[in-house]
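Heads up: the sequence shown is residues 13 to 352, going by this note's numbering. Using N, Cα and C, we set each Cβ at its ideal position, and we do this for glycine too. Computed from a prediction, not measured in an experiment: that's the story for all the values here. Contents: one structure, followed by commentary.
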Amino acid sequence: MKPGRTIVIFLLFIAVVAIYLYQTRLDKEILSISPDEVSRDVVLDPEERITGIAIKDKTRESEILLERSGDGWRISSPVDYPADSGMAEGLAMAARFASKQTRLRAEKDWDEYGLEKADLEVRIMTDRKKEWALVFGGESPVGRAVYARWLGERGYILAAPELKASFQASLYRLRDKRIFTFKPVEAAKVFIELGPNTYEWKNDGGKWYWIEPLRRFAKEMTKDRMDLVFMALAGFHVREFIDQEDRSDAELGFYIIHDLIRVTGDFGEEIFNFGNEIPAKNAYYGKRQGGDAVFLVERTKVIQLLDLLRALENEGETLDPNQKILPAGDPDPDTALKES
């Protein structure tokens with residue numbers, strides 16, 4: 013697992029634990045003030061697997077459907093795209109927390125709790141063909157909490173605001189923003205073409221060797237240097253998804269592909285194609301081969317990658333593993349990639 017992704021998952025875990033601890037303390041405070049607890053109908057068994065999460069946010073006028081796919085998650089609506097599995101698992105954990113919370117007897121109509129026409133509804137589907145709906149209402153005067161309720165139950169929940177906020181994540185936040193998903197240990201070839209610059213390496217017997225440029229042909233690329241390339245590729249992320257795009261691939265710069273990154277290995281092949289530059293956004297159009305999604309990537313990331321590749325190319329014949337790679341300066345924006 014890549015260090016960056018490990019950190020994200022760790023931070024997500026910390027956030028979920030923080031919600032759990034706050035919710036536990038909140039439950040104790042609630043029962044000391046209002047001990048009239050009622051029975052619960054919604055119970056998610058520890059062995060019951062959550063297979064789908066549907067979020068309807070009336071305030072944002074949005075509906076998002078997440079579905080488990082193999083070991084990960086996909087967004088099925090309003091787009092079909094891989095989900096950030098760490099985020100999706102976090103929502104599943106949040107739903108489990110909500111199913112365990114104290115239910116309090118309603119002393120007023122649901123409308124007075126903001127639960128009659130709730131602005132946020134979360135439906136949970138499980139592998140036992142069960143479906144439950146959790147709705148969130150207004151803020152409570154008791155502690156720092158919001159009203160929530162599992163539809164069909166007689167009682168309500170006082171939930172931590174963070175629990176509600178976790179289900180209000182934007183579509184962008186829930187999508188997998190990685191451009192490359194391969195594991196470096198499984199890579200066998202890396203090919204990068206950026207304008208007039210071509211770079212290629214091949215793994216042979218556990219060691220990496222230069223293929224292009226020709227002046228570096230057959231020279232060894234030490235592991236620490238190759239790791240720098242993999243780290244740079246791991247840093248490529250989607251800055252913005254372009255979902256409502258009526259222009260053709262040719263108009264976006266994908267008709268004749270001159271600028272691309274291709275990695276092959278045990279996983280198959282991952283190819284990223286660059287499109288035209290968008291100067292006003294300091295970005296390029298991008299598209300993964302085999303996919304329909306068009307998105308923007310940071311121009312800064314492209315420049316940093318090209319700086320790194322030029323520095324690697326210009327290193328001395330004897331590679332010192334302690335030598336630092338210094339940027340070769342910003343490339344000419346008119347020649348770094350093909351003209352828009």
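K141 and K176 have their C-alpha atoms spaced approximately 25 Å apart. Approximately 23 Å separates the beta-carbon atoms of E224 and D278; this is outside 8 Å, ruling out the contact. Between the alpha carbons of E263 and L116 lies a gap of roughly 59 Å.
Just so you know, the alpha carbons of G217 and Q301 end up roughly 28 Å apart. In the structure shown, the three-state DSSP call for G82 is coil. Here DSSP, grouped into helix, strand and coil, assigns F307 to strand. Judged by DSSP secondary structure, R161 falls within the beta strand (DSSP E) whose first and last residues are A157 to W162. Membership of V147 in any alpha helix (DSSP H) is not indicated; the residue belongs instead to the beta strand (DSSP E) covering E143 to S152. In the DSSP assignment, E263 falls within the unbroken alpha helix (DSSP H) covering D261 to L264. Annotation: the continuous alpha helix (DSSP H) that includes E174 extends over P173 to S178. In the pairwise beta carbon analysis, the stretch 202 to 216 is classified as touching the stretch 269 to 287: at least three pairs are separated by under 8 Å.
For the pair of segments examined, the stretch 129 to 140 was found to touch the stretch 63 to 71: the number of CB pairs separated by less than 8 Å reaches three. Between G167 and Y159, the gap from beta carbon to beta carbon reaches 7 Å or more. Proximity to E128 across L146, S178 and K112 peaks at L146, based on C-alpha coordinates. For the 7 Å CB-CB criterion, L103 and S88 do not form a contact. If you draw a 10 Å sphere on the C-beta of T114, you find 16 or more other C-beta atoms in it, and that means buried.
In the DSSP annotation of this structure, E60 is not part of any beta strand (DSSP E), being labelled neither H nor E. In this structure, the straight-line span from the alpha carbon of A305 to that of V91 is close to 9 Å. In the DSSP assignment, the residues bridged to H249 are R190. When the Cα atoms are used, K231 and W220 turn out to be separated by approximately 9 Å. In this model, K195 and L245 are separated by some 11 Å (Cα to Cα). Going by DSSP, L272 is part of the beta strand (DSSP E) stretching over L272 to G277. For A199, there is no enclosing alpha helix (DSSP H); the residue is part of the beta strand (DSSP E) that begins and ends at A199 to L206. The DSSP-derived three-state label of S51 is coil. For K214, there is no enclosing alpha helix (DSSP H); the residue is part of the beta strand (DSSP E) that begins and ends at N209 to D216.
Straight through space, the alpha carbons of L163 and S152 are spaced by roughly 19 Å. For E101, the enclosing alpha helix (DSSP H) begins and ends at S97 to K112. Spatial neighbours of P58 in its own chain (CB-CB distance under 7 Å, excluding positions within 5 residues in sequence) are not present.
Contact check for L321 and Y211: beta-carbon distance about 5 Å, within the 8 Å limit, so the pair qualifies. Looking only at E289, R72, E73 and G84, the smallest Cα-Cα distance to G64 is reached by G84. F286 is the residue among E252, H249, F286 and V250 whose C-alpha sits nearest the C-alpha of G265. A direct Cα-to-Cα measurement between E252 and Y296 gives close to 11 Å. Here I290 has Y296, Y297, L308 and S352 as same chain residues with Cβ atoms under 8 Å from its own Cβ, once five neighbours each way along the sequence are excluded. Proximity to A292 across F284, H270, E310 and E282 peaks at E310, based on C-alpha coordinates. Under the DSSP assignment, Y297 falls in the beta strand (DSSP E) whose first and last residues are A295 to R300.
With fewer than 16 other beta carbons inside 10 angstroms of its own, V55 counts as exposed.
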